[in-house]
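A short write-up of the structure that comes next.
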Amino acid sequence: MPELPEVETVRRGLEKVLVGATLSHIDILEDRCFDGEPEYATGATIESLDRRGKCLRLVLSSGWSMLGHLRMTGQMIFVAGSGEREGGGHPDDSLHASLPHSHTRVILEFGDQGTLYFNDQRKFGYLKLVRSDDLNSDSFWRTLGPEPWDEAFNAQMLRDICQRRSGSTIKSILLDQKVVAGLGNIYVDETLFLSGIRPKRKAGRISKKALGRVVEHSREVLERGIAFGGVSVSDYVNAEGLRGTMQQQLYVYQREGMPCKVCETPIVKIVVAGRGTHYCPTCQK
DNA sequence: TGCCCCCTGCAG
DNA sequence: CTGCAGGGGGCA
961 MPELPEVETV
971 RRGLEKVLVG
981 ATLSHIDILE
991 DRCFDGEPEY
1001 ATGATIESLD
1011 RRGKCLRLVL
1021 SSGWSMLGHL
1031 RMTGQMIFVA
1041 GSGEREGGGH
1051 PDDSLHASLP
1061 HSHTRVILEF
1071 GDQGTLYFND
1081 QRKFGYLKLV
1091 RSDDLNSDSF
1101 WRTLGPEPWD
1111 EAFNAQMLRD
1121 ICQRRSGSTI
1131 KSILLDQKVV
1141 AGLGNIYVDE
1151 TLFLSGIRPK
1161 RKAGRISKKA
1171 LGRVVEHSRE
1181 VLERGIAFGG
1191 VSVSDYVNAE
1201 GLRGTMQQQL
1211 YVYQREGMPC
1221 KVCETPIVKI
1231 VVAGRGTHYC
1241 PTCQK
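This is how it looks when you write it as structure tokens:
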């Protein structure tokens, strides 16, 4: 499940190879995964790549931007070189030999530079063209809350929201992209573990001081996620098609029944906000 | 503001 | 073969 660290890892990988490259052709294999007129993008050069929360953005020289969202099972894999790749025995070849495959939804061709494959098993993800001077026309981009490192995301702000939605669980608030952009199921569970707060706790019953810890720990766990190249528990891979290693660092997510890494109490799994939720009943109150 | 839905592969 | 995985849109 790509969340902020996974999308940032992809962004960094693509930035190295795509800036300055010219988009020569777009091949749409699955209509529902592409929105917009391809001719607004073809022939354009990639000027830069940025990201808001889990949403990736390619800034094009044509005045349009291509937004990309991986949702649950999306991948964006770049393969350098044109159709006939050089050096037949290169170790990377086995990795990309199968591209495109049955899950490939959109292919972005960059002439001799290479090819970007947008794969998505479940077709929830998408690429979308939006005018760069009118990003707010995108209903999702427009409503995104601050980046986790933005000073606008702080204890006071989180407390205000928790007071207003005092009956909600802290987990559902942190999952809300309008509150803070980029946290998802995995990193919320990890953040709440580090903060010593049970995911089901009512938002209105958490002190401002504790919410300050939530802010700090969310940043910490997201930074760690980026440092380890993201969590690969299912389909996630980076722009080179390689898996991340953050899954080995997780304290609670997908560790049901396994001993807590801090106190050895078995990790418990429940459902909160409609999501599979993991926590340590001893470390979290 | 919470719940169903979108979609597919795979665990049980 | 059923149901679960879960980001976010749409609805009551």
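Counting from 1 along the first sequence, just add 960 to a position and that's the residue number in this note's numbering. Yeah, the Cβ is synthetic: ideal placement off N, Cα and C, and Gly gets one too. Since we're looking at a predicted model, the values are computed, not measured.
Among the options, nearest to residue i - alpha-carbon criterion
| i | options | result |
| --- | --- | --- |
| residue 1132 | 1159, 991, 1147, 1058 | 1159 |
| residue 1081 | 1032, 1201, 1187, 1244 | 1032 |
| residue 1027 | 1106, 1206, 1014, 1111 | 1014 |
| residue 967 | 1234, 1218, 1060, 1182 | 1182 |
| residue 1223 | 1156, 1205, 1187, 1186 | 1156 |
| residue 1202 | 1188, 1234, 1215 | 1188 |
| residue 931 | 1167, 1148, 1087, 1126 | Since the first residue of the chain shown is 961 and the last is 1245, residue 931 is not available in this structure. |
| residue 1038 | 1227, 1169, 1235, 1070 | 1070 |
| residue 1231 | 1163, 1142, 1129, 1165 | 1129 |
| residue 1214 | 1225, 1199, 1195, 1237 | 1237 |
| residue 993 | 1089, 1138, 976 | 1089 |
| residue 1064 | 1056, 1058, 1079 | 1079 |
| residue 1102 | 1042, 1139, 1086 | 1139 |
| residue 1122 | 1085, 1163, 1077, 1104 | 1163 |
| residue 1216 | 1104, 1227, 1100, 1127 | 1227 |
| residue 1161 | 995, 1245, 961, 1040 | 1245 |
| residue 976 | 1000, 1169, 1199 | 1199 |
| residue 1083 | 1106, 1210, 1195 | 1195 |
Span of the beta strand (DSSP E), counted from its first residue to its last, around residue i
| i | result |
| --- | --- |
| residue 1257 | Beyond the ends of the chain as shown, which are 961 and 1245, falls residue 1257; an answer cannot be given. |
| residue 1026 | 1024-1029 |
| residue 1135 | No beta strand (DSSP E) holds residue 1135; the alpha helix (DSSP H) holding it covers 1130-1135. |
| residue 1086 | 1086-1091 |
| residue 1008 | 1006-1012 |
| residue 942 | Residue 942 cannot be examined here, being either before or after the span of the chain that is shown, 961 to 1245. |
First through last residue of the alpha helix (DSSP H) which encompasses residue i
| i | result |
| --- | --- |
| residue 986 | Unbroken run through residue 986 is the beta strand (DSSP E), 985-988; no alpha helix (DSSP H). |
| residue 1187 | 1168-1187 |
| residue 1195 | Premise fails: residue 1195 is in no alpha helix (DSSP H) and is neither H nor E. |
| residue 1099 | 1099-1103 |
| residue 967 | 964-978 |
| residue 1153 | 1145-1155 |
| residue 1118 | 1115-1124 |
Residue i and residue j closer than 9 Å at C-beta
| i | j | result |
| --- | --- | --- |
| residue 1240 | residue 1212 | yes |
| residue 1115 | residue 1171 | yes |
| residue 1233 | residue 1135 | yes |
| residue 1066 | residue 1006 | no |
| residue 1175 | residue 1146 | no |
| residue 1020 | residue 974 | no |
| residue 971 | residue 1010 | yes |
| residue 1068 | residue 983 | yes |
| residue 1179 | residue 1206 | no |
| residue 1035 | residue 1086 | no |
| residue 1022 | residue 1041 | no |
Classification of residue i by the beta-carbon crowding that lies within 10 angstroms, buried from 16 upward
| i | result |
| --- | --- |
| residue 1073 | buried |
| residue 1096 | exposed |
| residue 1190 | buried |
| residue 1220 | buried |
| residue 1094 | exposed |
| residue 1061 | exposed |
| residue 1204 | buried |
| residue 1124 | exposed |
| residue 1075 | buried |
| residue 1025 | buried |
| residue 1208 | exposed |
| residue 1051 | The predicted position of residue 1051 is uncertain, since its pLDDT is 44 and thus under 50; a value taken from the coordinates is nonetheless stated next. Classification for residue 1051: exposed. |
| residue 1141 | buried |
Bridge-paired residues (DSSP) for residue i
| i | result |
| --- | --- |
| residue 1230 | 1237 |
| residue 1034 | 1080 |
| residue 1162 | 1129 |
| residue 1040 | 1074 |
| residue 1216 | 1227 |
| residue 994 | 1087 |
| residue 982 | 1005 |
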